[in-house]
Ligand SMILES: Cc1ncc(COP(=O)(O)O)c(C=O)c1O
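Residue numbers (the numbering used here): 1 to 473.
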């Protein structure tokens with residue numbers, strides 16, 4: 001038995017890299033990424049020693065060293081002195097965030113970003129369903145298997161509705177999804193390979209953090225200022241790492257409420273073009289046209305995706321949304337959607353589109369924005385003098401706690417006073433240190449009086465001294 005045969009027997013991972021496609025070390029890393037994604041190599045599993053793999057593949061040790069280094073740079077493996085190179089452990093800890101209220105008893109919930117309850121919604125839904133029940137053609141169409149992009153008539157309705165509200169996007173560029181989170185996940189799953197890197201504001205929507213983590217992507221935080229992500233920091237990061245996709249919430253970042261100026265958007269587009277990044281703009285936190293800046297998909301249509309959902313304007317339970325993508329990415333995204341579920345359920349789409357097209361939705365949306373504005377005013381009146389940031393259309397505000405309050409203590413004390421809040425941890429990307437701040441959602445209380453009671457409890461608490469901690473020696 002020669003050296004190669006002996007090495008091949010001892011190697012528990014024997015890649016067969018495509019030697020014809022570019023540098024061999026890169027082909028090895030691509031094979032490694034595929035094997036990790038398909039489960040051939042599990043988290044924590046050790047890669048063969050470099051000399052052994054080199055003998056098995058009849059290549060130089062230098063090629064293997066280069067491949068392992070590149071795999072480490074892409075976040076696929078970790079090299080530890082004394083224990084070799086191992087597949088990176090998946091961070092499987094479920095992020096601590098909720099889409100359902102976990103406020104207990106009669107605690108006032110200020111933790112969730114949900115639309116304000118309005119009895120008009122269920123009344124309108126009843127009217128819509130009665131109307132739909134007589135539309136045999138629409139129902140028949142909804143009962144058929146749909147194209148991957150979703151029901152054509154629904155895409156056209158949505159395209160017309162969005163176009164009339166300053167978001168023109170042809171039906172051909174839309175894929176219907178089960179809400180915004182699905183669009184986020186579909187994009188990452190389809191356009192970013194395991195081990196590749198995505199970046200976002202250092203504080204971002206927890207659903208994005210969860211999706212990236214679930215898919216084994218490297219998620220890099222970009223430092224922020226009052227306008228959200230800083231272009232100088234993004235440029236530096238792009239020079240150090242290959243980033244495939246940048247996730248953006250330019251209208252109002254969830255949780256901080258930061259809004260990007262036009263100049264900031266243009267600076268980010270320039271970086272995206274220079275480093276060939278895809279841009280994923282999350283427009284789920286819908287903003288009225290007069291409050292909105294230029295969306296990224298209008299600034300850089302060739303590389304931008306845009307997410308819309310009815311969750312924040314009508315109802316999260318409908319699970320209806322859409323993803324706008326450049327024409328060249330539609331086949332890939334359609335294939336991804338087909339692999340998941342053929343196409344999304346078209347009955348919720350029939351309801352949502354009838355709601356939007358009939359004009360009934362506008363009554364709710366108008367009422368909703370007036371109520372959100374009034375609640376934002378109430379919040380700023382109550383918290384006057386504190387460092388609080390929010391958008392006039394925002395469902396939430398971001399309160400930087402005064403010294404010496406720490407977020408964890410504030411959230412715990414607020415709970416004792418009957419107010420459920422959410423601290424900064426679920427919004428932090430990677431191991432970013434969490435700021436001493438809390439997110440206050442103004443929409444869950446059914447009326448303004450209850451919101452005021454909750455805010456008064458918080459201002460009372462802010463005026464008090466935080467608990468004294470036991471002193472470790
Ligand atoms: C920024 C952002 N994106 C996406 C979502 C998820 O939207 P959906 O409920 O439509 O899945 C949310 C929900 O809170 C959100 O705040």
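The beta-carbon is built from N, C-alpha and C at its ideal position, and this holds for glycine as well. Since we're looking at a predicted model, the values are computed, not measured.
| query | result |
| --- | --- |
| Using beta-carbon positions only, say whether residue 72 and residue 79 come within less than 8 Å of one another. | yes |
| Ends of the beta strand (DSSP E) at residue 243? | 243-248 |
| Given this structure, state the Cα-to-Cα distance separating residue 11 from residue 24, to the nearest angstrom. | 18 Å |
| So is the beta-carbon of residue 205 under 7 Å away from any non-hydrogen atom of ligand 1? | yes |
| Just mark residue 3 as buried or exposed, buried being the case when its beta carbon has 16 or more other beta carbons within 10 Å. | exposed |
| Since residue 201 sits in a beta bridge, which residues does DSSP pair it with? | 222 |
| Return the first residue and the last residue of the beta strand (DSSP E) that residue 308 is part of. | 304-309 |
| Going by alpha carbons, who is nearest to residue 400 out of 383, 75, 233? | 383 |
| Run the CB neighbour count on residue 250, radius 10 Å, all protein chains shown included, and call it buried at 16 or more, exposed below. | buried |
| Check whether the region 52-72 touches the region 98-105, counting contact only when three or more Cβ pairs, one atom from each stretch, lie closer than 8 Å. | no |
| Got a sec: does ligand 1 put a non-hydrogen atom nearer than 7 Å to the Cβ of residue 284? | yes |
| Just to confirm my understanding: we take residue 310, look at its own chain, exclude 5 residues before and 5 after, and list those with CB closer than 7 Å. What are they? | 318, 320, 321, 352 |
| Relative to ligand 1, is the shortest distance from any of its heavy atoms to the C-beta of residue 179 smaller than 7 Å? | yes |
| Could you check what DSSP says for residue 389 in three-state terms: helix, strand or coil? | strand |
| Excluding the 5 residues flanking residue 344 on each side, which residues of the same chain have their C-beta closer than 7 Å to its C-beta? | 150, 176, 177, 178 |
| In chain order, which beta strand (DSSP E) runs of at least 3 residues are fully inside the region 161-191? | 174-177 |
| Could you tell me if residue 253 is buried or exposed, where buried requires 16 or more neighbouring beta carbons within 10 angstroms of its beta carbon? | buried |
| Ignoring anything shorter than 3 residues or poking outside the region 257-336, list the beta strand (DSSP E) runs there in chain order. | 278-282, 304-309, 321-324 |
| Specify the secondary structure class of residue 57 as computed by DSSP and reduced to three states. | helix |
| If we count the other Cβ atoms within 10 Å of its Cβ and call it buried at 16 or more, is residue 29 buried or exposed? | buried |
| Count the other CB atoms within 10 Å of the CB of residue 285; is the residue buried (16 or more) or exposed (fewer)? | buried |
| Shorter than 7 Å, the distance from the beta carbon of residue 225 to the closest heavy atom of ligand 1, or not? | no |
| The beta strand (DSSP E) that contains residue 438, what's its start and end? | 437-441 |
| Can you give me the C-alpha to C-alpha distance between residue 182 and residue 117, rounded to a whole angstrom? | 23 Å |
| What is the DSSP secondary structure of residue 78, counted as helix, strand or coil? | strand |
| May I ask whether a heavy atom of ligand 1 can be found less than 7 Å away from the beta carbon of residue 109? | no |
| When you measure from the CB of residue 252 to every non-hydrogen atom of ligand 1, does any distance come out below 7 Å? | no |
| Look up residue 353 in the DSSP assignment and say whether it is helix, strand or coil. | helix |
| Considering only heavy atoms of ligand 1, does any lie closer than 7 Å to the CB of residue 311? | yes |
| Quick test of the definition: if touching needs 3 or more C-beta pairs under 8 Å, does the region 320-337 touch the region 296-311? | yes |
| Any idea what DSSP makes of residue 114, helix, strand or coil? | coil |
| Give the secondary structure of residue 397 by DSSP, where H, G and I count as helix, E and B as strand, and everything else as coil. | strand |
| Indicate the three-state DSSP secondary structure (helix, strand or coil) for residue 11 in the structure shown. | coil |
| Across which residues does DSSP place residue 46 in a beta bridge pair? | 86 |
| Between which two residues does the alpha helix (DSSP H) holding residue 373 run? | 360-382 |
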